[in-house]
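Trainee:
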Amino acid sequence: MSPDAAPAQDDQRTLREPLFQDACACNFFALSELLHRLASEGGETPVLSLDTPPAQETIRFQADASLGFPVSDVSALEQDASGLFRMTTTFMGLQGSQSPLPGYYLDHLAWKSAHEQSPVSDFLDMFSHRLTQFVWHIWRKYRYHVAFRNGGVDAFSQR
């Protein structure tokens with residue numbers, strides 16, 4: 001490790017700590033973009049594609065099972081030991097207050113989630129993750145300023 005690498009890691013750690021403490025105050029799209037860029041190694045931002053294998057994804061979305069009225073798009077944010085960010089969202093999920101499922105399923109899922117016994121929630125989160133990913137990609141597609149990179153190296157500029 002070079003001496004220049006340590007300050008960059010300290011800067012990233014200083015930037016990440018407030019995000020984890022107050023993720024609810026952040027906009028979903030802005031937070032997703034920031035986490036995607038923070039996940040970069042050596043200054044190279046990872047490719048963002050729907051074809052990316054799950055093992056190489058930088059953010060994993062899961063739905064909040066709470067039946068309460070959501071105060072923001074994001075209810076929790078954490079990072080596991082492998083560096084994968086786990087963002088709990090309050091929209092586009094198959095569980096929680098925004099779910100299209102019948103109420104008796106939602107009550108059961110909310111109770112299981114509160115008691116941290118959630119194999120069904122984990123299963124539904126596979127689909128919720130993909131739905132939320134689609135929303136994020138659609139949002140990015142129509143905002144050129146988000147994907148733009150200096151020097152015309154972004155995908156749109158090279159068309």
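Reminder that position 8 of the sequence shown reads as 8 in full-length UniProt numbering, one-by-one numbering, no gaps. Each residue gets a CB set at the ideal place from its N, CA and C atoms; glycine is no exception. Note that the structure is predicted; figures quoted are calculated from it, not measured.
When burial is assigned at 16 or more other CB atoms within 10 Å of the CB, is I138 buried or exposed?
Mentor: Under this definition I138 is an exposed residue.
Trainee: DSSP beta-bridge partners for F85?
Mentor: I59 and Q79.
Trainee: Suppose the cutoff is 7 Å on Cβ atoms and the five residues either side in sequence are ignored; what does the same chain contact list for Q152 look like?
Mentor: For the record, residue 152 in the displayed sequence is Gly; it is not Gln. So the list reads Q158, once near-sequence residues are dropped.
Trainee: Would you check if the stretch 96-114 and the stretch 26-43 touch, i.e. whether three or more CB-CB distances between them fall below 8 Å?
Mentor: With the cut-off at 8 Å, the stretch 26-43 and the stretch 96-114 do not touch.
Trainee: Can you tell me where the alpha helix (DSSP H) with E116 in it begins and where it stops?
Mentor: It is not in any alpha helix (DSSP H) - E116 carries neither H nor E in the DSSP assignment.
Trainee: Whole angstroms is fine: what's the gap from L131's alpha carbon to A65's?
Mentor: Spanning the two alpha carbons is a distance of roughly 16 Å.
Trainee: Can you give me the C-alpha to C-alpha distance between L67 and A110, rounded to a whole angstrom?
Mentor: Their Cα atoms are separated by approximately 7 Å.
Trainee: Can you tell me whether D80 is buried or exposed, with buried defined as 16 or more other CB within 10 angstroms of its CB?
Mentor: Classification of D80: exposed, given that the 10 Å Cβ count is below 16.
Trainee: Please classify V146: does DSSP put it in a helix, a strand, or coil?
Mentor: In the structure shown, V146 sits in a helix (DSSP, three-state: H, G or I).
Trainee: Can the beta-carbon of T90 be found less than 9 Å from the beta-carbon of S75?
Mentor: Yes, the pair counts as a contact, with Cβ atoms nearer than the cut-off.
Trainee: Have a look at L77, F69, V47 and A63 and flag the residue whose alpha-carbon is nearest the alpha-carbon of A23.
Mentor: Closest option to A23, Cα to Cα, is L77.
Trainee: Can M87 and L31 be called in contact, C-beta distance under 9 Å?
Mentor: Yes, they are a contact pair.
Trainee: Quick check on S121: buried or exposed, where buried means 16 or more other Cβ atoms within 10 Å of its Cβ?
Mentor: Answer is buried; the Cβ neighbour count reaches 16.
Trainee: On the criterion of 16 or more Cβ atoms from any shown chain inside 10 Å, does F127 qualify as buried, or is it exposed?
Mentor: Exposed, since its Cβ has fewer than 16 Cβ neighbours within 10 Å.
Trainee: Is the Cβ-Cβ distance between Q133 and F61 less than 9 Å?
Mentor: Contact: yes.
Trainee: Suppose the cutoff is 7 Å on Cβ atoms and the five residues either side in sequence are ignored; what does the same chain contact list for F156 look like?
Mentor: Excluding positions up to five away in sequence, the list reads Y144 and A147.
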